[in-house]
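Asks: Taking full-length UniProt numbering, I'd label the letters of the sequence shown as residues 1 to 161. Sharing a structure here in structure tokens format.
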Amino acid sequence: MGIIEEDDRILLPRCADLVIISNTPKGRGVFAAKDIPARTVLDVCPVLVLDIEENEKHIKHTSLYHYTYNWPQKEENGGTKVTQAVVFGLGSMFNHAIDQNVGWERDTNRLLVTYRSLRDISAGEELCISYGPRLTFKDADIAEPLTEGDGLDQLNKIQLD
Ligand SMILES: C[S@@+](CC[C@H](N)C(=O)[O-])C[C@H]1O[C@@H](n2cnc3c(N)ncnc32)[C@H](O)[C@@H]1O
Numbered sequence: 001m002g003i004i005e006e007d008d009r010i011l012l013p014r015c016a017d018l019v020i021i022s023n024t025p026k027g028r029g030v031f032a033a034k035d036i037p038a039r040t041v042l043d044v045c046p047v048l049v050l051d052i053e054e055n056e057k058h059i060k061h062t063s064l065y066h067y068t069y070n071w072p073q074k075e076e077n078g079g080t081k082v083t084q085a086v087v088f089g090l091g092s093m094f095n096h097a098i099d100q101n102v103g104w105e106r107d108t109n110r111l112l113v114t115y116r117s118l119r120d121i122s123a124g125e126e127l128c129i130s131y132g133p134r135l136t137f138k139d140a141d142i143a144e145p146l147t148e149g150d151g152l153d154q155l156n157k158i159q160l161d
């Protein structure tokens, strides 16, 4: 191995108290194996920034697209365009929740995303980020409205009598 300059070294701390659980209503998810204090660094993940055209022509038509993050890319004219990036490590395993307990921060220079707990998290809780308001899937946290088959008809009668 050659000489590693100090500026080339990126520390990649990861919280040891995390597990992946399969077969949850959201597929695989990241859960706390022990209590985790607020502001704990959970993972520092390297990213692969995709070319805008590559993303539109190819990645968009694959399941990988459901794992990518919006990523701002500087243009030669000084402007910024949004493309997508693949986040390695646990970053691609965090599910969505409106009341997220994990925050994330992009480092566009070093091509990293750092994830931190936003509050104290108890052992057994799922760790989730927010994907924003426009989801491409049905949110497992949002209950289906009641239908007649669920006894809604009966409920209405009880309320009206
Ligand atoms: C970045 S992946 C997260 C890891 C994924 N659960 C897995 O098993 O590989 C994003 C996908 O997870 C699922 N997902 C994430 N949050 C969800 C939620 N709140 N409700 C239902 N599915 C969710 C969706 O299928 C979504 O496309």
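For glycine and all other residues, C-beta sits at the position ideal for the given N, C-alpha and C. These numbers were taken from a predicted model, which means no experiment stands behind them.
Would you grab the beta carbon distance between Gly89 and Cys128 for me? Rounded to a whole angstrom, and I think it's under 8 angstroms.
Replies: Taking the first residue of the sequence shown as 1, we reach residue 89 at position 89. Taking the first residue of the sequence shown as 1, we reach residue 128 at position 128. Between Cys128 and Gly89 the Cβ distance is about 16 angstroms, and since that is not below 8 angstroms, they are no contact.
Asks: Work out the CA separation of Thr147 and Lys81 for me, nearest whole Å.
Replies: Along the sequence shown, read from residue 1 onward, the residue named residue 81 stands at position 81. Along the sequence shown, read from residue 1 onward, the residue named residue 147 stands at position 147. Taking the CA atoms as reference points, Lys81 sits about 44 angstroms from Thr147.
Asks: Rank Ser22, Arg39, Asn109, Asp17 by C-alpha distance to the C-alpha of Asp8 and give the top, closest one.
Replies: Indexing the sequence shown from 1 puts residue 8 at position 8. Here the closest residue by C-alpha is Asn109.
Asks: In or out: Leu11 buried (at least 16 other Cβ within 10 Å) or exposed?
Replies: On the sequence shown, residue 11 is found 11 positions in, with the first residue counted as 1. Residue burial annotation: Leu11 is exposed, with fewer than 16 other C-beta atoms found within 10 angstroms of its C-beta.
Asks: Look at the alpha carbon of Ala38 and the alpha carbon of Ser130, and state the distance between them as a whole number of angstroms.
Replies: Position 38 of the sequence shown holds residue 38. Position 130 of the sequence shown holds residue 130. So the two alpha carbons sit approximately 17 angstroms from each other.
Asks: Taking Tyr65 as the reference, give the member of Asn77, Thr40, Ile52 with the closest Cα.
Replies: Stepping through the sequence shown from its first residue, residue 65 is reached at position 65. Of the candidates Asn77, Thr40, Ile52, the one whose C-alpha sits nearest the C-alpha of Tyr65 is Ile52.
Asks: Looking only at DSSP bridge pairs, what is residue 164 linked to?
Replies: One cannot answer for residue 164 here, as it falls past the ends of the chain, which runs 1 to 161.
Asks: Would you mind sorting Phe94 into buried or exposed? The rule is 16 or more other CB atoms within 10 Å of its CB.
Replies: Residue mapping note: residue 94 aligns to position 94 of the sequence shown, counting from 1. Flag for Phe94 reads buried.
Asks: Label Asp99 either buried or exposed according to how many other C-beta atoms from any shown protein chain fall within 10 Å of its C-beta, with 16 as the threshold for buried.
Replies: Numbered from its first residue, the sequence shown carries residue 99 at position 99. It is exposed - the Cβ of Asp99 has fewer than 16 other Cβ atoms within 10 Å.
Asks: In terms of residues, what are the limits of the beta strand (DSSP E) holding Glu126?
Replies: Position 126 of the sequence shown, counted from the first residue, corresponds to residue 126. Taken as a continuous stretch (DSSP letters only), the beta strand (DSSP E) holding Glu126 covers 126-129.
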